[in-house]
Amino acid sequence: MSTALELLSQRKQQLEADIDKLEKTIYNLETEYLAADYSVCGTVLKGFEGFLSSKDALRKRARTFRTEDRSFSLSSRTSPATAELEQNLLELVDNQAVPVLGRGKGYASKGIAHKGQMGGEQPKISDA
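For the sequence shown, UniProt numbering begins at 1 and goes up steadily by one.
Okay, structure coming up:
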């Protein structure tokens, strides 16, 4: 019985290694695709509207992309892109750059919306 368990354990390790290798390959190919010269005007994921207004200045622009642009890599929980995105989010939390809940900019002040009342007169409902 322990021989069967050892075989299953070895098979599991082999499958995990294969998945890791495949995810790294996808990550590298995705990096190559997103950083390519032609991707500045559009990609399969974002669309090709950039070709309609492609100018030389647009083509000369630096080809940068965000981790969030990696749709294929981010579809896997164990991919390098997911780990990279989680690390970026942890750094934002550590630097307190993530907005927190509470009364900040953009919320109505007490004088404007107090207890559900809005400025001006309330519409009257007729008994008709």
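Backbone N, C-alpha and C fix where the C-beta goes; we use that ideal spot for every residue, glycine too.
Predicted model only: the values in this text are computed from it and were never measured.
inquiry  = Assuming contact is defined by CB atoms lying nearer than 8 angstroms, are I19 and T78 in contact in what I supplied?
reply    = Yes; because the gap between Cβ atoms is below 8 angstroms, this pair is in contact.
request  = Give the secondary structure of T64 by DSSP, where H, G and I count as helix, E and B as strand, and everything else as coil.
outcome  = When secondary structure is reduced to three states using DSSP, T64 falls in the coil class, being assigned neither helix nor strand.
Residue-chain proximity (L7, chain B), Cβ-Cβ < 8 angstroms = Protein chain content of the structure displayed is limited to a single chain, and chain B is not contained in it.
message = Given a cut-off of 8 angstroms on the beta-carbon distance, is the pair T67 and E84 in contact?
response = The criterion of a C-beta distance shorter than 8 angstroms is satisfied by T67 and E84.
ask   = For T78, which three-state DSSP category applies?
value = The answer is coil: DSSP assigns T78 none of H, G, I, E or B.
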